[in-house]
Ligand SMILES: NC(=O)c1ccc[n+]([C@@H]2O[C@H](COP(=O)([O-])OP(=O)(O)OC[C@H]3O[C@@H](n4cnc5c(N)ncnc54)[C@H](OP(=O)(O)O)[C@@H]3O)[C@@H](O)[C@H]2O)c1
Ligand SMILES: [Zn+2]
Ligand SMILES: [Zn+2]
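Residue numbers (our numbering): 7 to 358.
Here you go:
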């Protein structure tokens with residue numbers, strides 16, 4: 007075991023603050039990574055504040071962060087994919103049972119026995135896992151991704167959650183050229199959704215509550231932008247969408263979006279608001295529409311997404327911050343005041 011600097015929250019009302027955590031020494035199949043950048047996902051904020059207490063209660067102290075990019079500093083004797091000095095990335099999963107049908111199918115995100123990157127029982131050290139708001143992490147090589155060399159690293163970090171969470175359902179629901187795709191909420195996930203849907207060739211319509219994001223949405227790859235508070239603008243798109251991805255972090259009316267789906271259209275929720283959403287049965291019955299959800303993605307698909315982003319030169323639009331600004335960043339995230347993902351420069355932890 008060794009000590010690593012990190013930022014943790016001591017309770018649901020405490021700010022994040024500097025601390026020291028234990029990390030395991032790399033075992034046979036482990037990769038030790040010096041973390042260079044870690045994105046701030048809204049899930050970090052939900053969990054630091056225990057907003058998912060019903061589903062995934064937070065164990066304190068919590069060290070969040072599951073959008074991790076860094077450089078390999080040591081490898082176990084059995085590691086074949088990585089060597090010291092390589093770039094490497096880690097997303098929301100650091101292990102799974104590897105034996106269930108989902109794992110065998112390469113869809114570890116559905117494994118009944120996953121190990122999430124933070125706030126999850128740690129099979130190695132006991133206690134819970136600690137995430138990427140830290141100077142280093144040790145992960146089994148099977149759960150470590152290769153990082154394309156042509157992309158900006160601060161902007162790559164958010165691909166590990168926001169990128170895969172939007173890529174996976176779009177691939178599953180057949181987003182391709184000629185499809186009309188809606189993206190609801192232009193935040194971290196939403197802006198990745200726009201870039202990826204555009205690269206897949208779809209006609210992309212962004213729904214935002216923030217009129218000041220209109221120009222950005224078009225620059226990011228949207229063909230049209232709808233201010234969702236404007237009922238007339240919404241009505242123009244009735245029964246026209248093949249697929250809508252809802253990436254909103256707070257309570258909102260999803261029936262307004264179900265009504266925009268064409269026959270057999272699908273609305274997939276990736277946003278995970280604290281409170282249950284109300285669904286009108288008629289919104290689904292008329293048009294035989296479907297409503298579903300989607301969690302992150304498996305390891306193979308995450309690598310595929312990174313390679314797709316490399317090919318299309320896609321990274322997140324990031325505001326790079328030192329870790330010392332993390333609490334301020336959380337407050338701004340709540341006000342939708344980020345363009346469009348905070349990426350923490352982990353070198354700033356050395357000052358603690
Ligand atoms: N399914 C998964 O595997 C997965 C993975 C990662 C994250 N998530 C969840 O996805 C959600 C989004 O995460 P994120 O990191 O992208 O968050 P984010 O950057 O805060 O973006 C959320 C966006 O939702 C919109 N929004 C916020 N409050 C709203 C309200 N009251 N009514 C309508 N729209 C509102 C805003 O967009 P506009 O300003 O454009 O309206 C905001 O930018 C979170 O709940 C997160 O936990 C799920
Ligand atoms: Zn996330
Ligand atoms: Zn499994």
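We put the CB at the ideal spot given by N, CA and C, even for glycine.
If I measure Cβ to Cβ from residue i and keep anything under 6 Å in the same chain, skipping five residues before and after, which residues do I get?
i, result
"residue 66", "16, 17"
"residue 245", "268"
"residue 161", "321, 322, 324"
"residue 81", "37, 88"
"residue 169", "198, 311"
"residue 40", "76, 77, 79, 142"
"residue 286", "261"
"residue 326", "160, 349, 351"
"residue 283", "260"
Check residue i in the structure and name its three-state DSSP category.
i, result
"residue 176", "helix"
"residue 354", "helix"
"residue 24", "strand"
"residue 42", "strand"
"residue 214", "strand"
"residue 209", "strand"
"residue 79", "strand"
"residue 322", "coil"
"residue 284", "coil"
"residue 99", "strand"
"residue 116", "helix"
"residue 314", "helix"
"residue 345", "coil"
"residue 188", "strand"
"residue 127", "strand"
"residue 164", "helix"
"residue 306", "helix"
"residue 361", "Residue 361 lies beyond the range of the chain shown here (7 to 358); nothing can be said about it."
"residue 240", "helix"
"residue 49", "helix"
Please confirm whether residue i and residue j have their CB atoms less than 7 Å apart.
i, j, result
"residue 33", "residue 12", "no"
"residue 289", "residue 272", "no"
"residue 50", "residue 70", "yes"
"residue 180", "residue 189", "no"
"residue 248", "residue 185", "yes"
"residue 164", "residue 274", "no"
"residue 140", "residue 335", "no"
"residue 191", "residue 253", "yes"
"residue 316", "residue 156", "yes"
"residue 85", "residue 145", "no"
"residue 44", "residue 167", "no"
"residue 279", "residue 257", "yes"
"residue 194", "residue 294", "no"
"residue 205", "residue 318", "yes"
Taking the DSSP output, what are the residues bridged to residue i?
i, result
"residue 272", "249, 296"
"residue 12", "25, 140"
"residue 69", "Its beta-bridge partners do not exist; DSSP assigns none."
"residue 146", "36"
"residue 279", "The partner list for residue 279 (beta bridge, DSSP) is empty, contrary to what the question assumes."
"residue 108", "For residue 108, which the question treats as bridged, DSSP gives no partner whatsoever."
"residue 267", "247"
"residue 230", "211"
"residue 94", "76, 152"
"residue 121", "101"
"residue 328", "351"
By Cβ distance below 7 Å, which residues in the same chain neighbour residue i in space, the five residues on each side in sequence not counted?
i, result
"residue 231", "212, 214, 220, 223, 224"
"residue 136", "12, 27, 69, 124"
"residue 8", "29, 31"
"residue 203", "176, 181, 187, 189, 210"
"residue 355", "11, 141, 329"
"residue 333", "21, 22"
"residue 158", "321"
"residue 103", "109, 117, 119"
"residue 338", "344"
"residue 130", "30"
"residue 6", "A question about residue 6 goes unanswered here, because the residues of the chain that appear run from 7 up to 358."
"residue 342", "193, 216"
Below 8 Å CB to CB, which residues in the same chain sit around residue i once its five sequence neighbours on both sides are set aside?
i, result
"residue 305", "99, 112, 114, 148, 149, 151"
"residue 300", "171, 174, 175, 178, 274, 275, 276"
"residue 122", "72, 98, 99, 100, 135"
"residue 154", "162, 312, 313, 315, 316"
"residue 53", "62, 64, 68, 70, 124, 125"
"residue 35", "82, 84, 85, 146, 147, 148"
"residue 340", "51"
Nearer than 6 Å: is that true of the beta carbon of residue i relative to any heavy atom of ligand 5?
i, result
"residue 302", "Ligand 5 is absent from the structure shown, which contains only ligand 1, ligand 2 and ligand 3."
Kindly provide the chain-ordered list of residues whose Cβ lies closer than 7 Å to any non-hydrogen atom of ligand 3.
102, 103, 104, 105, 106, 108, 109, 114, 117, 118, 119
Nearest-residue set for ligand 2, Cβ under 5 Å from any heavy atom
47, 49, 167
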